[in-house]
Every structure is written in structure tokens, then in C-alpha cells.
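One point on numbering: in the numbering used here, the residue at position 4 of the sequence shown is 4, and numbering is uninterrupted.
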Amino acid sequence: MTELTLARHPTLPGVDGPVLVVVMDGVGIGRRDESDAVWLARTPNLDALDADPTVPSIPLAAHGRAVGLPSDDDMGNSEVGHNALGAGRVFDQGAKLVNHAIETGALFEGEPWRRAVKRVQESGEPMHFIGLLSDGNVHSHIDHLVAMLRRCAADGVKRARVHALLDGRDVPETSALEYVDQLEAVLRELSADGRDYRVASGGGRMIVTMDRYEAEWAMVERGWKLHVRGEGRGFPSLREAVQTLRDETGATDQNLPGFVITEGGAPVGPIRDGASVVFFNFRGDRALEITRAFEDEAFDAFDRGPRPDVFYAGMMQYDGDLGLPSTFLVTPPTIDRSLGEHLAHAGVTQLAISETQKYGHVTYFWNGNRTEPFDPKRELYVEIPSDALPFEERPWMKAAEICDRLVAELLTGEHRHARVNFANGDMVGHTGFRDASVIAVEAVDLQLGRLLKTVKKLNGAMIVTADHGNADLMYELDKKTGAPIPDGRGGFKPKTSHTLNAVPCHVYAPGLSLAAANVEHPGLANVAATALALMGFAAPDGYSPSLVNAEG
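So this is what it looks like as C-alpha cells:
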């Protein structure tokens with residue numbers, strides 16, 4: 001396997017100690033005003049890195065085409081960000097691949113789509129679509145759903161049902177009715193010539209179905225009861241469900257309780273034997289658990305009751321190692337020769353650590369959508385269990401506990417390379433609570449101080465960066481004026497989604513004399529070669545170049 005062979009760096013000998021990559025999830029470079037929780041936070045360690053002339057500091061693109069998304073209007077996310085960080089190159093990602101498959105017709109010409117259509121034509125049961133209803137383009141896009149519904153009509157599918165998970169996280173926090181109205185208009189249009197296309201169930205994405213990393217299986221169980229059994233509070237329409245539950249609970253879209261759509265007191269769309277089910281999210285982390293509920297024979301996370309005999313397909317395959325789902329509409333990117341794979345082939349020891357909320361990002365996504373280690377004898381993956389409480393109530397999350405374990409592991413001298421994700425800036429940023437997000441950023445900075453001391457003590461090096469922005473812009477901005485949008489209560493409308501901002505990157509290597517390299521359009525994909533350079537290795541063929549060179 002010569003393609004995995006690492007050559008020595010021509011000018012950098014590498015540091016003697018460990019090389020650590022720190023991902024401050026959701027910490028971008030913002031406007032430096034009252035909307036910017038990163039700027040408002042007290043961050044003496046980040047400030048010191050930024051001011052140190054011996055520490056190369058380079059803003060990195062972390063969105064759009066820099067991470068394989070369709071356009072530079074698409075915000076980055078943790079999945080594509082960690083893919084780029086670990087792969088060292090940019091691969092076309094889910095949204096772009098699905099767009100192409102729909103535009104060319106390849107999605108509808110594939111065997112999985114044809115099987116799904118045939119199943120419901122023979123059984124008379126509906127074609128069911130489950131997924132996130134928004135145009136956030138992080139987990140899904142409403143345009144993909146609409147395209148499939150229209151194709152169902154063209155293919156002669158008489159009945160279709162949509163199980164709509166409400167966003168308010170990758171899009172403005174109370175924007176759901178925009179997508180509801182768009183979807184219901186399409187369904188009314190398509191319910192002609194004997195067709196019956198309707199919404200069947202739904203709920204907020206942080207309450208129903210879209211759990212990840214087995215943090216809260218109860219979310220998936222609630223979704224199963226709603227989508228599959230049709231058990232839940234009934235409403236005559238999706239719009240009425242959203243409006244009523246908002247008025248009753250005061251919750252934002254992502255936290256709205258689950259519901260079913262009923263007619264004459266009965267649910268309009270439980271999933272029964274003979275149906276086809278398409279989970280139309282293209283991103284995998286929040287699609288895996290519901291997929292397991294549909295596909296695993298020996299499933300025991302909750303009591304499913306009778307499992308319906310359905311044809312199930314994901315928009316993409318969400319986990320290639322586990323083969324989940326077994327059937328999918330669009331082939332995901334094939335990411336080979338990742339940083340982790342190169343290091344494993346070279347016999348280099350590795351450590352990956354985070355709390356539950358981002359554990360899969362420093363393992364699965366970092367390794368090019370691969371769950372298991374490349375070399376279990378030389379790789380240690382550590383998961384620190386996350387809190388089950390609202391993130392705005394615990395903005396420090398598990399940063400200290402992660403750092404405790406990370407420092408202890410580094411002091412053993414067993415890990416040549418380590419990577420860590422601090423989830424605070426992203427998970428708290430998604431809540432829309434600015435002041436809690438300030439604390440979240442401060443909590444991460446506090447741990448950076450500990451890591452800087454440890455890395456210096458061990459004659460190592462540390463790259464401090466982020467996978468995308470979030471906490472750096474906590475208010476929605478007027479698109480014309482750029483000013484924060486008032487919320488009508490004396491404050492400003494919270495922003496809960498990611499940003500298009502660049503992210504920081506600081507390369508701390510006290511044992512080396514480094515200078516920033518002249519890299520055109522630096523982005524997250526350049527981090528892998530930079531880490532290799534700090535270990536004394538040259539960038540492999542095809543990798544985006546290192547961000548640093550030997551000074552002089």
C-alpha cells in the first residue's frame with residue numbers, strides 16, 4: 001500500500017512530543033460586537049495565541065465549497081468540517097451529491113427508488129418520507145423532499161405521507177411555518193387525479209427522532225410511536241399543530257412536542273406492512289438511530305412493538321462500516337487515505353476524545369465516515385458521557401472532564417497524535433442564548449490554557465481551530481442593513497444556526513520556528529497536512545498543503 005506511505009518532511013524535523021488538534025466546535029470569527037459571543041467572552045488564552053508573533057495564525061474557510069458543499073452560500077457543519085479536517089482534501093458532500101442525483105435523474109433511475117415505488121404500487125400502502133423540514137442544507141433540504149414527492153406523482157404513486165421534523169436550529173428558530181406552507185401547497189397540488197398526499201406526523205428535531213450517538217433514545221422512541229404507530233396528540237393539519245403547540249408551550253421549533261395528523265379521530269398515516277419508507281436526511285449522525293429501529297433484527301433500545309414489514313431506504317448510507325441503512329438512494333462520498341489511516345499505516349499512535357455530543361465527529365467523520373479504528377492496538381477512542389440537561393443550563397458541558405482525561409492521556413507519552421472536540425460553542429450556540437454561549441466559549445478557553453501548558457511541558461505542538469462558526473453570531477441580521485433584527489421585547493431575535501464566518505487557526509509549536517505558508521484560499525482541509533508537518537511528515541499526494549513552513 002505505497003499510497004499510504006508517509007515521507008519525511010524536507011525542512012521540518014517535527015516536535016518530540018505529541019501533536020494535538022483542538023476543535024473548538026462552533027467558534028468562528030465574528031463581527032466583534034454585541035452579537036458575537038466569542039468576542040464578548042473572556043478568552044485570555046485565545047487572545048495570547050492571536051497576539052504571539054511566534055504562533056502562525058491563519059483564518060480558515062469552513063463553509064461552502066471549501067468543505068464540499070454546493071455553493072458558498074451554504075454554511076458549514078460539523079460533519080463536513082470534520083471530514084475535511086481528517087481527510088486533508090475536499091470531497092463533494094451530501095447536499096451536493098443529492099442535488100446532482102436529482103438534477104440528472106440518477107436518483108430516480110436507481111434500483112432503490114424503483115423498488116420503493118414498486119412496493120407501494122403493489123401493496124396500496126403510502127410512500128412515507130421522514131426527515132428534517134427546512135432548507136438549512138445541513139441535514140436535509142426541502143427541495144429534495146419536494147422533488148421526490150413530484151416524482152412519486154409522475155411514477156403513479158397514489159398515496160404519500162410526510163413525517164415532518166421541524167428545524168429552528170439550522171434555520172431561524174421560529175421559521176417552521178415558511179416550510180410548512182410550502183410543503184402543504186405542494187401536497188394540495190399533488191393530491192389530484194385520485195392521489196392522496198398528506199402530512200402524517202411531526203415534532204421538533206430535538207424532541208422527536210433525531211437523536212445521535214445514543215445520547216437520548218427516548219427521542220427516537222417518541223418518533224417511532226408518532227411515525228409508525230400514529231400514537232400522539234392529534235391535529236387536523238401541520239400548520240395548526242405548529243401554531244397551537246407554539247402558543248401553548250412557548251417553545252421554539254426545534255423543541256416543539258410531537259404530534260400526529262388525524263381525520264375523524266384516526267391518524268392519517270401510520271406506517272404499516274407493505275409501505276415504503278424513505279428517510280430523506282442526507283447527513284448520517286442524526287439518522288442512524290431511527291434507521292436501526294427500522295432495520296435491526298435484534299433491536300433492544302426500546303420496545304418497538306410489532307415492526308412493520310416495509311421497504312426502508314436512507315437518502316444516503318449513514319454508516320458504511322455498519323452498513324446502515326442497507327439500501328440508500330445516493331452513494332455517499334468515498335473518503336480514502338485520511339490522516340488517521342495514514343498514521344495507522346505508519347504505526348503512529350493516536351487518541352481521539354470528546355463528549356457524547358461530538359464523539360462521532362473525532363472518530364467516524366474524522367476518519368472519512370468510518371466507525372472503527374484503523375489499528376485498534378495503536379488507537380484509543382474516548383467518549384465522555386454528555387449531560388442530559390439543556391445546554392443553556394450547563395454551558396460548560398463536559399469541557400473540564402474531557403480535558404482532565406486528555407491531559408492524563410498525554411502525560412503517559414503513549415499518543416503521538418491526539419484530537420479533541422470541545423462541543424460548547426456549537427451546542428450552546430444552537431440554543432440561541434447569547435449569555436450562555438459567552439460562558440460556553442470561556443469554558444473552552446479555560447481548558448485551552450491547561451492544554452497549552454501540557455503541550456509545552458511535553459515538547460509537543462497544538463493546532464487550535466474550529467469546524468464552523470456558530471457562537472460568533474447570536475442574533476439574526478437584516479439582510480439589507482446588516483443590523484440585528486429586534487425581537488419586539490426590547491432585545492434581538494436569536495440566531496440558532498451556524499454562520500458563514502471563517503474560523504481561527506493557531507499553530508502553537510514552541511520547539512519549532514514556524515512561519516505561515518503562502519496558501520491560497522486556506523481552509524479546514526489544510527489542517528491535516530499541518531499536523532503531519534508538526535510530526536515531521538510531508539503532505540501525501542493530493543493533500544491540501546500545510547499552513548506552516550520552517551521559518552526562513
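Quick reminder that beta carbons are idealized off the backbone N, C-alpha and C, glycines included.
It should be emphasised that the depicted structure is a prediction, and the values quoted were computed from it without experimental measurement.
**Study point:** Beta-carbon contacts of A509 that lie in its chain and below 7 Å, excluding the five residues immediately before and after
**Key:** Against the sequence shown, residue 509 aligns to sequence position 509. Excluding positions up to five away in sequence, the list reads V15, A461 and L534.
Check your understanding: Within 10 angstroms of its Cβ, does P18 collect 16 or more other Cβ (buried), or is it exposed?
Key -> Residue 18 sits at position 18 when you count from the first residue of the sequence shown. Result: buried.
Review point. Based on Cα-Cα distance, which residue from L49, V464, F108 and D167 lies nearest to A147?
Key: Residue 147 sits at position 147 when you count from the first residue of the sequence shown. Of L49, V464, F108 and D167, the residue nearest in Cα terms is F108.
Point to revise | Per-residue DSSP class, three states only, for S175 | key: Along the sequence shown, read from residue 1 onward, the residue named residue 175 stands at position 175. Three-state result, S175: coil.
Exercise for review: Inspect the beta-carbon positions of G88 and A529 and report whether they are closer than 8 Å.
Suggested key: Taking the first residue of the sequence shown as 1, we reach residue 88 at position 88. Taking the first residue of the sequence shown as 1, we reach residue 529 at position 529. Closer than 8 Å, so yes.
Check your understanding: Can you find at least 3 beta carbon pairs, one from the stretch 284-301 and one from the stretch 58-71, that sit closer than 8 Å?
Key -> no
Point to revise | Three-state class that DSSP yields for T262 in the structure shown | key: For the purposes of this step, residue 262 is taken as the residue at position 262 of the sequence shown. Strand at T262.
Exercise for review: Over the uninterrupted beta strand (DSSP E) stretch that includes F108, give me the two end residues.
Suggested key: Locating residue 108 in the sequence shown gives position 108, counting from the first residue. From DSSP, F108 is part of no beta strand (DSSP E) but of the alpha helix (DSSP H) over A106 to E109.
Practice item. Leaving aside the five residues before and after H361 along the sequence, list all residues of the same chain whose C-beta is less than 6 Å from its C-beta, in chain order. Key: As a working note, residue 361 is residue 361 in the sequence shown. S78, H82 and N421, listed in sequence order.
Review point. Identify the residues that DSSP records as bridge partners of P484: which are they?
Key: Position 484 of the sequence shown holds residue 484. DSSP lists L477 as partners of P484.
Practice item. Find the nearest neighbour of G635 within the set S140, A101 and R161, judged by alpha-carbon distance. Key: Nothing can be reported for residue 635: it is not among the residues displayed for the chain, which extend from 1 to 552.
Practice item. Indicate the three-state DSSP secondary structure (helix, strand or coil) for T5 in the structure shown. Key: Counted from its first residue, the sequence shown places residue 5 at position 5. Coil, per DSSP.
**Study point:** Uninterrupted alpha helix (DSSP H) stretches inside the stretch 335-408 (no shorter than 4 residues)
**Key:** 339-345 and 356-360
**Study point:** P540 burial status per 10 Å Cβ neighbour count (16 or more: buried)
**Key:** Start at 1 with the first residue of the sequence shown, and residue 540 comes out as number 540. P540 comes out buried.
Point to revise | Reference L514; option with closest CA among R489, L547, L500 and E214 | key: By 1-based counting over the sequence shown, the position of residue 514 is 514. When only C-alpha atoms are compared, the closest one is L547.
Practice item. Determine the DSSP secondary structure at F556, reduced to helix, strand or coil. Key: Outside the displayed range of the chain (1 to 552) lies residue 556, so it cannot be described from this structure.
Review point. Rounded to a whole number of angstroms, what is the C-alpha to C-alpha distance between H345 and N367?
Key: Taking the sequence shown and counting its residues from 1, one reaches residue 345 at position 345. Taking the sequence shown and counting its residues from 1, one reaches residue 367 at position 367. Each residue's alpha carbon lies about 13 Å from the other.
Exercise for review: Identify the continuous alpha helix (DSSP H) that holds I439 and give its terminal residues.
Suggested key: Here residue 439 refers to the residue found at position 439 when the sequence shown is read from its first residue. I439 -> alpha helix (DSSP H) spans R434 to K457.
Exercise for review: Use the C-beta contact count for D74: other C-beta atoms within 10 angstroms, 16 or more gives buried, fewer gives exposed.
Suggested key: Against the sequence shown, residue 74 aligns to sequence position 74. So D74 counts as buried.
Check your understanding: With C-beta atoms as the reference, is I402 less than 8 Å away from E442?
Key -> The count along the sequence shown starts at 1 and reaches residue 402 at position 402. The count along the sequence shown starts at 1 and reaches residue 442 at position 442. No, they are not a contact pair.
Practice item. Over the uninterrupted beta strand (DSSP E) stretch that includes G202, give me the two end residues. Key: For the purposes of this step, residue 202 is identified with residue 202 of the sequence shown, where counting begins at 1. It spans D196 to G204 - the beta strand (DSSP E) in which G202 sits, taken as one unbroken run.
Point to revise | When N501, L97, T371 and G232 are compared against L329, the one with the closest alpha-carbon | key: The residue you call residue 329 lines up with position 329 of the sequence shown. Checking every option, the nearest Cα to that of L329 belongs to L97.
Check your understanding: I think V503 touches A62, with their Cβ atoms under 8 Å apart; what is that distance to the nearest whole Å?
Key -> Within the sequence shown, numbered from 1, the residue matching residue 503 stands at position 503. Within the sequence shown, numbered from 1, the residue matching residue 62 stands at position 62. So it is a contact: roughly 5 Å between Cβ atoms.
**Study point:** Buried versus exposed call for M1 [16 or more other C-beta atoms within 10 Å across all chains shown]
**Key:** Against the sequence shown, residue 1 aligns to sequence position 1. Its pLDDT being 41, under 50, M1 is placed unreliably in this model, and the value from its coordinates should be taken loosely. Counting Cβ neighbours within 10 Å, M1 comes out exposed, since fewer than 16 surround it.
Point to revise | Euclidean distance between Cα positions of Q121 and M397 | key: Stepping through the sequence shown from its first residue, residue 121 is reached at position 121. Stepping through the sequence shown from its first residue, residue 397 is reached at position 397. Rounded to the nearest angstrom, the two C-alpha atoms are 49 Å apart.
Review point. A557: buried (16+ other C-beta within 10 angstroms of its C-beta) or exposed?
Key: Outside the displayed range of the chain (1 to 552) lies residue 557, so it cannot be described from this structure.
Review point. Hey, how far is the Cα of V21 from the Cα of L406?
Key: If you number the sequence shown from 1, residue 21 lands on position 21. If you number the sequence shown from 1, residue 406 lands on position 406. For V21 and L406, the distance between alpha carbons rounds to 12 Å.
Check your understanding: From which residue to which residue does the alpha helix (DSSP H) around A87 run?
Key -> Within the sequence shown, the letter at position 87 stands for residue 87. Here the alpha helix (DSSP H) through A87 covers S78 to A87.
Review point. In terms of alpha-carbon separation, which member of H139, F235 and A154 lies closest to R195?
Key: Within the sequence shown, residue 195 is the residue found at index 195, counting from 1. Considering only alpha carbons, the answer is A154.
Review point. Alpha carbon to alpha carbon, how far is R246 from S386?
Key: Locating residue 246 in the sequence shown gives position 246, where the first residue counts as 1. Locating residue 386 in the sequence shown gives position 386, where the first residue counts as 1. About 28 Å.
Check your understanding: Which residues share a DSSP beta bridge with L166?
Key -> Counted from its first residue, the sequence shown places residue 166 at position 166. L133 and G204, per the DSSP bridge assignment.
Check your understanding: Beta carbon of Q350, beta carbon of H430: below 8 Å?
Key -> The sequence position of residue 350 within the sequence shown is 350, counting from 1. The sequence position of residue 430 within the sequence shown is 430, counting from 1. The answer is no: Cβ separation not under 8 Å.
Point to revise | Backbone CA spacing between L149 and V55 [nearest angstrom] | key: Residue numbering aside, residue 149 sits at position 149 when the sequence shown is read from its first letter. Residue numbering aside, residue 55 sits at position 55 when the sequence shown is read from its first letter. If I take the Cα positions, the gap works out to 53 Å.
**Study point:** Cβ neighbour criterion (16 or more within 10 Å) applied to G482
**Key:** Along the sequence shown, read from residue 1 onward, the residue named residue 482 stands at position 482. Exposed is the call here.
Check your understanding: Around the C-beta of S326, are 16 or more other C-beta atoms found within 10 angstroms, so that it is buried, or is it exposed?
Key -> As a working note, residue 326 is residue 326 in the sequence shown. So S326 counts as exposed.
Practice item. Alpha carbon to alpha carbon, how far is E248 from T334? Give it in angstroms, no decimals. Key: Walking along the sequence shown from the start, residue 334 turns up at place 334. Walking along the sequence shown from the start, residue 248 turns up at place 248. Rounded to whole angstroms, T334 to E248 spans 46 Å at the Cα level.
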